[in-house]
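Enquirer: In the working numbering, the protein residues as written are 13 to 233.
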């Protein structure tokens, strides 16, 4: 699957003449958790720590070094998703609208408790219709057409040991990130709010959180 990601990124560069530009939107969640000084899991608060996990632990560094990918964290406000409301989701919209033209695709990182609600929120708020086109030309033009899957995991992507991050063997985070990358680098995919868990992608408008353990993360139609 990683070979397929490389092939799709190479194809994107051949067709467009540029490196794929990926934006990371981090709301937190188990994927970015590490043990704190009290031995409790908590999402990393330092943006540099998040970038280290993405680059070193989840393998983005190889794609960046090969010149196939530019990756940037554009939004980093980790929190417990069980406490998240629409008022907490709203601030990300301004950043997303401002950065829309600067990137080819977006990946969200989110806790499992309310990720489905965030997916539905984005589905309703991002692909809004252009009112001017609707009024003048009776044309329904969606302003958001770039891929934006959201990744959650049941186990942290990394462990913090001896002052450094290392891969958490057995975590579902790596497979989920690979699936998200396969989606956004596929030119036929442009949907907002798709939930990613391991090798599966679910339409966020019809799925909810399922299991707390290593069973199916999402339930739905």
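No residue lacks a Cβ here, since even glycine has one placed at the ideal position from N, Cα and C.
Where in the segment 106-185 do unbroken runs of the alpha helix (DSSP H), each at least 4 residues long, occur, reported from the N-terminal end onward?
Expert: 127-137 and 143-149
Enquirer: For the alpha helix (DSSP H) containing residue 59, name the first residue and the last one.
Expert: 59-64
Enquirer: Between the C-alpha atoms of residue 111 and residue 174, what's the straight-line distance to the nearest angstrom?
Expert: C-alpha of residue 111 to C-alpha of residue 174: approximately 36 Å in a straight line.
Enquirer: Measuring alpha carbon to alpha carbon, tell me which of 185, 195 and 194 ends up nearest residue 65.
Expert: The option with the nearest alpha carbon to residue 65 is 185.
Enquirer: Determine the direct distance from the alpha carbon of residue 101 to that of residue 45, and round the result to whole angstroms.
Expert: 20 Å
Enquirer: Could you check how far apart the C-beta atoms of residue 40 and residue 120 are, in whole angstroms? I think they sit under 8 Å.
Expert: Actually they do not touch by this definition, with Cβ atoms about 11 Å apart.
Enquirer: Considering residue 74, what are the terminal residues of the alpha helix (DSSP H) in which it resides?
Expert: 72-77
Enquirer: So if DSSP puts residue 83 in a beta bridge, which residue, or which two residues, is it bridged to?
Expert: 34
Enquirer: Could you say which of 169, 109, 18 and 86 lies nearest to residue 80 if we only look at CA atoms?
Expert: 18
Enquirer: Identify, in the order they occur along the chain, each residue of the same chain with its Cβ nearer than 7 Å to the Cβ of residue 14, setting aside the five sequence neighbours on each side.
Expert: 190
Enquirer: Using the C-alpha atoms, what's the distance from residue 75 back to residue 29?
Expert: 16 Å
Enquirer: Below 8 Å, can you find three or more Cβ-Cβ pairs linking the segment 151-163 to the segment 187-207?
Expert: Yes, since at least three Cβ pairs between the segment 151-163 and the segment 187-207 fall closer than 8 Å, the two stretches touch.
Enquirer: Please work out which residues of its chain come closer than 7 Å, Cβ to Cβ, to residue 55, disregarding the five sequence neighbours upstream and downstream, and give them in chain order.
Expert: Hits under 7 Å: 40, 41, 44, 45 and 90.
Enquirer: Find out if the Cβ-Cβ distance for the pair residue 135, residue 216 is shorter than 9 Å.
Expert: yes
Enquirer: Straight-line CA distance for residue 132 to residue 205?
Expert: 7 Å
Enquirer: Out of 149, 108, 130 and 151, which one is the CA nearest neighbour of residue 218?
Expert: 130
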